[in-house]
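Line order of the protein sequences matches chains A and B. Counting in our numbering, the final residue of the first sequence is number 355, and the numbers go up one at a time with none missing. Counting in our numbering, the final residue of the second sequence is number 710, and the numbers go up one at a time with none missing. Positions of the beta carbon are idealized from the N, C-alpha and C atoms, including for glycine. All of these numbers come straight from a predicted model, not from anything done at the bench.
There are 2 protein chains.
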Amino acid sequence: VSGSRPDDAGAWFRAEIVEQPAALRRLLDDADAVVAAGCAIRRRRPRFVRLVGHGSSDNAAVYGTYAFGLLSGLPAFRDSISLSVYYGADRGLDQSPVVALSQSGRTPDVVAYVDRARQSGALTIAVTNEPDSELASVAEVVVPLAAGIERSVAATKTYVNQLGALALLAAGAGGRAVETVDGLARTADLLAETVDRLAAPAEEAARALVFAGRLFAIGRGVELASAREIALKLTETCRIAAEPLTTTDLSHGPVAALDALFPVWAVATRDPCLPTVVEATARVRASGAALIASGDAAGEIEGAALRLPVPTGPAPLLAPLLSIVPGQLVAGALAAARGLDPDRPAGLEKVTLAA
Amino acid sequence: VSGSRPDDAGAWFRAEIVEQPAALRRLLDDADAVVAAGCAIRRRRPRFVRLVGHGSSDNAAVYGTYAFGLLSGLPAFRDSISLSVYYGADRGLDQSPVVALSQSGRTPDVVAYVDRARQSGALTIAVTNEPDSELASVAEVVVPLAAGIERSVAATKTYVNQLGALALLAAGAGGRAVETVDGLARTADLLAETVDRLAAPAEEAARALVFAGRLFAIGRGVELASAREIALKLTETCRIAAEPLTTTDLSHGPVAALDALFPVWAVATRDPCLPTVVEATARVRASGAALIASGDAAGEIEGAALRLPVPTGPAPLLAPLLSIVPGQLVAGALAAARGLDPDRPAGLEKVTLAA
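This is the structure we're talking about:
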């Protein structure tokens, strides 16, 4: 996929962040088809759902486990691709629907996994931005992300639309379509507001992080996906060693590594997991590390050096569609401050064909 | 748990690494009881198994997904604790046995999760080094790790015994007990050899890493658990920002962060996933980053600056019990070189009561 690229590094990345509300609305234009795929999951009366993907798509799969858990009551798990594809241990692949996530639809082992699953009789659903891709051709059902061409190597709008698609699938599986479609439409409006409002605070955060070499991003529950995706954006576009952790895993070891030169980014959202975030950030403060707080409860994190608050979404499950924006904007601003190009990070291609 | 501690920092940590073969043999002394717990899983005819834990115990749970997949054909997944404990979304907790991992048996949300699972009718199995703990009291079946008192805050022998216990549980569930008990007994012998043989190479690796601030640890398949646990040891005892990644996830973004000052530790084991490790390390070399290769296929990683080879285990599934040793030994040596105390890392307690 090529296109006429503006001269300045990161122009595509920044433009695609701004385009996210429009991209999400395009997904919603065909919401009924995605909901129908979710209904097909329910009709199989499965005991559980399998999710697979790599990179940003795996972060979206983390979100998917919560979307299915909260909207459909169905257990959903990220499956090991290697057990099926490399070890040949399929473990009843026929017994659960598979939701496979790949923006390009060309990730080789995801394609191979879906191929095996379909041949064994599983309902297979490909969630991809490329409805003509190999993944789409091997899956029984295709959910197009409808994000439009994404030119920057670092994914943004395809990630948000993956979250939207997973929410719609889970809503279809759980009979919660009307409220979810409505919530996502309102989220698209809030997303536009968030992108505008956070531009200046993101520049300030980028200035503060300009010499940071490492960082932990923490979150819990539905926001674990956001912590993971924020860490991935900062790693791939800004060359920070940014590691995502659950708030509890931080306390089980990594907190010992913190000091004043090792900042922690906490995703704080008003939901039942917030107390764990508050507790973890108290440990972070005690270590002397600087805190960056984002999310709609950023104001509740005491002692944060920087705050990147986002509006409260229509439902806790939809919060991650907004919570990711501060991470994207800081990544864009910090890459620019470091003279890096998030459109084309060193050593990466838009389509990852790695085994 | 207290004890008379030698004067030198890290003395417990190093002693407990050396003690691992004996600890594993103690677990095997009562292998029949662990296998019987695995048979109880099979008798329930479950569609899948749930695993829960934090920190090192979560790394062991990663191993557990492969142990069940390869030995029993049962799908096993690490479940979200927060969905049940914080969001109240139990998603058919009665429909699958639960294997809960906590060395201390006191991790609060693991206890709460098991309590809910048992009340809903699930078979609950606590794998813990403290058979009198709260976790043991709420679970239906207790599998004691029999590792002996672990005094160092950074876990070593309890981790190896968790892997052993999970292999025995999966073997019981899959009717593979005899070969697995035999394989683990041979692994205990190889473990002793590995600890001896790697002391000098680990010192050399520690000298090379003395000023490293960040590192990626990569592995795939059964060795993802090792990559995670090596990264955790280096983070908590040496204050390195060490992030674990699958070989494929490395290529989906983080490879862009690499340069000559950002080393990568690759766990290379002779099994069906080795080609993905070889491919990922070629990308690492192209980035200019220094490579450390461990595992029984360390010799097959071209261009590695340091190699920490381990003996080949009796079966690919048992390799992680040996693959972890280089990580433990380097962590001990590097902590000493940095003047840090792995027995008592800053901000950590042996029992993590964090939410």
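Next item on the list: Measuring alpha carbon to alpha carbon, tell me which of A/D90, A/K350 and A/G164 ends up nearest A/D29.
Entry: Nearest of A/D90, A/K350 and A/G164 to A/D29, Cα basis: A/G164.
Notebook entry, point to check: Can you find at least 3 beta carbon pairs, one from the segment 450–462 of chain B and one from the segment 550–559 of chain B, that sit closer than 8 Å?
Noted result: Result no; under three Cβ-Cβ pairs closer than 8 Å.
Item checked: Within 8 Å of chain B by C-beta, residues of the segment 300–319 of chain A in sequence order -> Within the segment 300–319 of chain A, no residue has a Cβ that lies closer than 8 Å to any Cβ of chain B.
Next item on the list: For B/E374, name the three-state secondary structure that DSSP assigns.
Entry: The answer is coil: DSSP assigns B/E374 none of H, G, I, E or B.
Item checked: Test item: CB-CB of A/E302 and A/V267 under 8 Å -> Not closer than 8 Å, so no.
Note to self: When you compare the CB of B/S581 with every CB in chain A, is at least one pair closer than 8 Å?
What the structure shows: Taking Cβ atoms only, chain A never reaches closer than 8 Å to B/S581, which makes this a no.
Margin query: Just to confirm before moving on: does the CB-CB distance between A/A225 and A/Y63 stay below 8 Å?
Written below: Contact flag set, yes.
Notebook entry, point to check: Can you find at least 3 beta carbon pairs, one from the segment 539–546 of chain B and one from the segment 372–382 of chain B, that sit closer than 8 Å?
Noted result: Taking 8 Å as the limit for Cβ pairs, the verdict is that the segment 372–382 of chain B does touch the segment 539–546 of chain B.
Checklist line | Which residues DSSP lists as bridging A/G295, in chain order | finding: Under DSSP, A/G295 shares a beta bridge with A/P309.
Next item on the list: Step through the CB atoms of chain B and report whether any lies within less than 8 Å of the CB of A/V1.
Entry: In this prediction, A/V1 has a pLDDT of 38, which is less than 50 and means its spatial position is unreliable; what the coordinates show is noted afterwards. So no, A/V1 is outside the interface.
Note to self: Quick check on the burial criterion: 16 or more other C-beta atoms within 10 angstroms. Buried or exposed for B/D551?
What the structure shows: Around the Cβ of B/D551, a 10 Å sphere holds fewer than 16 other Cβ atoms; the residue is exposed.
Checklist line | Integer Cβ distance of B/A477 from B/L448, believed to fall under 8 Å | finding: Contact holds; Cβ gap of about 5 Å.
Next item on the list: Could you pull out every residue in the same chain whose Cβ sits closer than 6 Å to the Cβ of A/E236, ignoring the five residues on either side in sequence?
Entry: The answer, listed in chain order, is A154 and P345.
Notebook entry, point to check: Distance, Cα to Cα, B/D387 vs B/R562?
Noted result: Distance between the alpha carbons of B/D387 and B/R562 is about 43 Å.
Checklist line | Short CB-CB distance (under 8 Å) between A/F13 and chain B | finding: It does not; no Cβ of chain B falls within 8 Å.
Note to self: Which residues in chain B have a C-beta closer than 7 Å to the C-beta of A/T235? List them in chain order.
What the structure shows: Residues of chain B passing the Cβ test: G608, P609 and A612.
Checklist line | Proximity test, Cβ basis, 8 Å: A/T352 and chain B | finding: Answer yes: the Cβ-Cβ gap between A/T352 and chain B drops below 8 Å somewhere.
Check: Any C-beta of chain B sitting closer than 8 Å to the C-beta of A/Y86?
Finding: Yes - at least one Cβ of chain B is within 8 Å of the one on A/Y86.
Note to self: Below 7 Å on C-beta distance, what does A/Q95 contact in chain B?
What the structure shows: Think of a sphere of 7 Å around the beta carbon of A/Q95: the chain B residues whose beta carbon falls inside it are R402, in chain order.
Notebook entry, point to check: Is there contact between the segment 293–311 of chain A and the segment 246–256 of chain A, where contact requires at least three CB pairs shorter than 8 Å?
Noted result: Of all C-beta pairs linking the segment 293–311 of chain A to the segment 246–256 of chain A, fewer than three are shorter than 8 Å, placing the two stretches out of contact.
Next item on the list: Keeping to the same chain, check which residues put their C-beta closer than 7 Å to that of A/K233; ignore five residues upstream and five downstream.
Entry: The beta carbon of A/K233 sits closer than 7 Å to the beta carbons of A154, G327, Q328 and A331 from its chain, once the five residues preceding and following it are set aside; these are given in chain order.
Check: Within the chosen definition, does the segment 47–62 of chain A reach the segment 72–81 of chain A through at least 3 CB pairs nearer than 8 Å?
Finding: In this structure the segment 47–62 of chain A touches the segment 72–81 of chain A; the number of beta carbon pairs closer than 8 Å is three or more.
Next item on the list: Work out the CA separation of B/I504 and B/V356 for me, nearest whole Å.
Entry: With a pLDDT of 38 at B/V356, under the threshold of 50, the modelled position of this residue cannot be trusted; read the value that follows with caution. A straight-line Cα-Cα distance of about 8 Å links B/V356 and B/I504.
Notebook entry, point to check: Residues in its own chain within less than 6 Å of B/P499 by CB, not counting five upstream and five downstream?
Noted result: Answer for B/P499: P486, listed in chain order.
Item checked: Extent of the continuous beta strand (DSSP E) to which A/F68 belongs -> For A/F68, there is no enclosing beta strand (DSSP E); the residue is part of the alpha helix (DSSP H) that begins and ends at S56 to L71.
Next item on the list: Output yes or no for whether 8 Å exceeds the beta carbon distance between A/L258 and A/S287.
Entry: With a cutoff of 8 Å on beta-carbon distance, A/L258 and A/S287 are scored as near each other.
Notebook entry, point to check: How is B/E655 classed by DSSP in three states: helix, strand or coil?
Noted result: In the three-state reduction of the DSSP assignment, B/E655 falls in the helix class, which pools H, G and I.
Notebook entry, point to check: Taking Cβ positions, are A/T156 and A/E16 nearer each other than 8 Å?
Noted result: Yes, the Cβ-Cβ distance between A/T156 and A/E16 is below 8 Å.
Item checked: Contacts that A/Y66 makes with chain B (C-beta to C-beta distance below 9 Å) -> Residues of chain B passing the Cβ test: S435, S437, L438, Y442 and A444.
Check: Residues of chain A with a CB under 8 Å from the CB of B/I595: which are they?
Finding: The answer, in chain order, is A257.
Check: The alpha helix (DSSP H) spanning B/T631 covers which residue range?
Finding: Judged by DSSP secondary structure, B/T631 falls within the alpha helix (DSSP H) whose first and last residues are L629 to S642.
Notebook entry, point to check: Which residues in the same chain as A/I66 place their Cβ atom closer than 7 Å to its Cβ, once the five residues preceding and following it in sequence are excluded?
Noted result: Checking the sequence, you will find Tyr at residue 66 of chain A rather than Ile. Answer for A/Y66: G221, V222 and L317, listed in chain order.
Item checked: Euclidean distance between Cα positions of A/A354 and A/T107 -> Cα-Cα distance, rounded: 8 Å.
Checklist line | Min CB distance B/L703 to chain A below 8 Å | finding: Chain A contact via Cβ: present.
Notebook entry, point to check: Enumerated in chain order, which unbroken segments of the alpha helix (DSSP H) with a length of 4 residues or greater are wholly contained in the segment 118–169 of chain A?
Noted result: Every alpha helix (DSSP H) stretch that sits fully inside the segment 118–169 of chain A and reaches 4 residues is listed by chain position as 134–138.
Note to self: Just to confirm the assignment: which complete beta strand (DSSP E) runs, minimum length 3, are found wholly within the segment 190–277 of chain A?
What the structure shows: Fully contained in the segment 190–277 of chain A are the following beta strand (DSSP E) runs of length 3 or more, in chain order: 214–219, 241–246 and 264–267.
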